[in-house]
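K.L.:
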Amino acid sequence: MAKEAFYAVAIGRSTGIFKSWDNGAKESVTGFCNARYKKFPTEAEAAAFIKLHGKQQDNSVKLHGKRARKDDGAVERPAVRAKTTNFYAVAKGRNGVSGIFTSWAEAEIHVKDFFSAKYKGFYTREEAESFIAEYVSSKQVDSSLPNPQDPNTLVAFCDGSAINNGKHRCKAAFACVFPHNEDWNVASKLPTDAKATNNRAEYMAALEAMKRANIEDPSQNQVLYIFSDSMLLIRSMTEWLPTWIKNNWVKGDGERVKNDDLLKQLKAVQGTRMILWQHVKAHTKKEDWESIWNAKADRLAKAARRND
Numbered sequence: 677m678a679k680e681a682f683y684a685v686a687i688g689r690s691t692g693i694f695k696s697w698d699n700g701a702k703e704s705v706t707g708f709c710n711a712r713y714k715k716f717p718t719e720a721e722a723a724a725f726i727k728l729h730g731k732q733q734d735n736s737v738k739l740h741g742k743r744a745r746k747d748d749g750a751v752e753r754p755a756v757r758a759k760t761t762n763f764y765a766v767a768k769g770r771n772g773v774s775g776i777f778t779s780w781a782e783a784e785i786h787v788k789d790f791f792s793a794k795y796k797g798f799y800t801r802e803e804a805e806s807f808i809a810e811y812v813s814s815k816q817v818d819s820s821l822p823n824p825q826d827p828n829t830l831v832a833f834c835d836g837s838a839i840n841n842g843k844h845r846c847k848a849a850f851a852c853v854f855p856h857n858e859d860w861n862v863a864s865k866l867p868t869d870a871k872a873t874n875n876r877a878e879y880m881a882a883l884e885a886m887k888r889a890n891i892e893d894p895s896q897n898q899v900l901y902i903f904s905d906s907m908l909l910i911r912s913m914t915e916w917l918p919t920w921i922k923n924n925w926v927k928g929d930g931e932r933v934k935n936d937d938l939l940k941q942l943k944a945v946q947g948t949r950m951i952l953w954q955h956v957k958a959h960t961k962k963e964d965w966e967s968i969w970n971a972k973a974d975r976l977a978k979a980a981r982r983n984d
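The working numbering applies: residue 677 is where the sequence shown begins, and numbers increase by one.
(1) Check Arg-911 in the structure and name its three-state DSSP category.
(2) Does the beta-carbon of Ser-704 have 16 or more other beta-carbons within 10 angstroms, so that it is buried, or is it exposed?
(3) Please name the residue in Ala-882, Glu-892 and Phe-763 whose C-alpha comes closest to that of Glu-805.
(4) Which residue wins for smallest C-alpha separation from Pro-867, given the options Ile-902, Ile-910 and Ala-980?
(5) Assuming Leu-938 contacts Tyr-879 under a Cβ cut-off of 8 Å, what Cβ separation, rounded to an integer in Å, is found between them?
(6) Is Phe-708 closer than 8 Å to Phe-682 when the C-beta atoms are compared?
(7) Under DSSP, the beta strand (DSSP E) around Leu-900 begins and ends at which residues?
(8) Please classify Lys-635 as buried or exposed, where buried requires at least 16 other C-beta atoms within 10 Å of its C-beta.
(9) Determine the extent of the beta strand (DSSP E) in which Arg-712 is found, giving its start and end residues.
(10) Nearest to Trp-953 by alpha carbon, out of Asn-935, Glu-915, Lys-695 and Ser-774?
(11) What residue range is occupied by the uninterrupted alpha helix (DSSP H) comprising Ser-895?
(12) Taking the straight line between their C-alpha atoms, what separation do you get for Asn-874 and Lys-957?
(13) From what residue to what residue does the beta strand (DSSP E) around Lys-978 run?
(14) According to DSSP, simplified to helix, strand and coil, what is Tyr-799?
(15) Compare the Cα-Cα distances from Phe-807 to each of Cys-846, Ala-767, Ile-891 and Asp-789 and report the closest residue.
(16) Express the C-alpha separation of Ser-690 and Ala-758 in angstroms, rounding to a whole number.
(17) From Asn-840 to Lys-871, what does the alpha carbon distance come to, in whole angstroms?
(18) Please determine, among Thr-948, Leu-883 and Gln-898, the residue with the shortest C-alpha to C-alpha distance to Asn-935.
(19) For Ala-681, report the span of its alpha helix (DSSP H) as first-last.
(20) Classify Trp-953 as helix, strand or coil using the three-state DSSP reduction.
(21) Determine the direct distance from the alpha carbon of Trp-780 to that of Ser-701, and round the result to whole angstroms.
(22) Taking the straight line between their C-alpha atoms, what separation do you get for Ala-851 and Arg-975?
(23) Who does Lys-985 pair with in a DSSP beta bridge?
(24) Do you know how far the Cα of Gly-688 is from the Cα of Asp-929?
See the structure below:
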């Protein structure tokens with residue numbers, strides 16, 4: 677018999693304690709930016725988590741999926757005091773869609789599985805409109821940025837490779853390729869230990885790109901382009917890092933952020949430099965500029981991994 681579980685949602689589309697993940701807590705946190713939630717074996721622990729991390733103005737905690745029982749034996753539903761999201765701002769959606777939606781179902785179809793989507797839930801329409809306006813404003817400076825194919829621009833293609841990924845004897849390596857100066861190229865193995873993973877290889881490749889940029893431009897005035905097929909790397913550095921730092925490297929589900937040692941190094945080495953993180957599809961076999969250099973980084977990483 678499965679053990680009873682309580683899913684505490686301190687920050688989400690709907691907050692409170694849920695008795696189930698599917699058709700319960702999952703719908704309240706999926707796609708909700710900076711959601712904070714965790715599973716507990718007891719209702720008391722779940723309530724304490726919400727009171728510690730939630731934004732409620734009082735001490736009320738809503739219990740979903742279960743009825744409270746009065747002393748006289750009658751049942752009643754708990755009072756609903758949770759603040760819910762009313763507007764979903766999609767600044768960048770699939771096929772160029774942008775707009776404000778009043779239900780997650782409407783917004784989700786434009787952002788689900790679209791890795792570079794920009795969206796967030798808000799309590800008011802004014803907040804949602806401001807979010808989209810800020811995104812549009814930030815994109816207007818793109819024309820002033822250097823062309824990555826210009827030989828004078830700092831550009832790196834980063835990739836990682838691993839075999840037996842996630843296992844104790846994982847063999848992993850990374851490569852960092854500089855298309856405008858291949859004398860800077862780096863390819864190296866990771867120590868074969870419990871920490872060796874493909875994700876760590878991706879992070880270390882980006883770290884090498886930043887280190888080389890600091891050698892060539894110690895003042896950190898030049899823009900650095902980093903091309904990678906790892907959305908984990910890109911989203912970690914562009915979306916999640918500020919929240920992780922604020923929460924002392926603890927995720928919304930209460931778990932420790934993986935590879936925080938490398939993420940701290942990436943943040944420190946970047947310093948004040950502007951880095952433009954560019955996602956490139958892997959293994960396309962195409963002959964465009966991005967695909968050619970990404971394929972080279974992939975080959976070098978694999979070769980370094982196989983080199984004993």
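Every residue gets a Cβ at the ideal spot worked out from N, C-alpha and C, and that includes glycine.
P.N.:
Let me spell this out:
(1) helix
(2) buried
(3) Phe-763
(4) Ala-980
(5) 4 Å
(6) no
(7) 900-904
(8) Here the chain comprises residues numbered 677 to 984, so residue 635 is not present and cannot be evaluated.
(9) 712-716
(10) Glu-915
(11) Here Ser-895 belongs to no alpha helix (DSSP H), and DSSP marks it neither H nor E.
(12) 16 Å
(13) First-last for Lys-978: 965-982, but that is the alpha helix (DSSP H), not the beta strand (DSSP E).
(14) coil
(15) Ala-767
(16) Low per-residue confidence applies at Ala-758: pLDDT is 46, beneath 50, and the placement is therefore not dependable enough to give any value.
(17) 12 Å
(18) Leu-883
(19) Here Ala-681 belongs to no alpha helix (DSSP H), and DSSP marks it neither H nor E.
(20) strand
(21) The question names Ser, but residue 701 in the sequence shown is Ala. Cα to Cα, the separation comes out at about 14 Å.
(22) 8 Å
(23) The chain is shown only over 677 to 984; residue 985 falls outside these bounds and no answer can be derived.
(24) 12 Å
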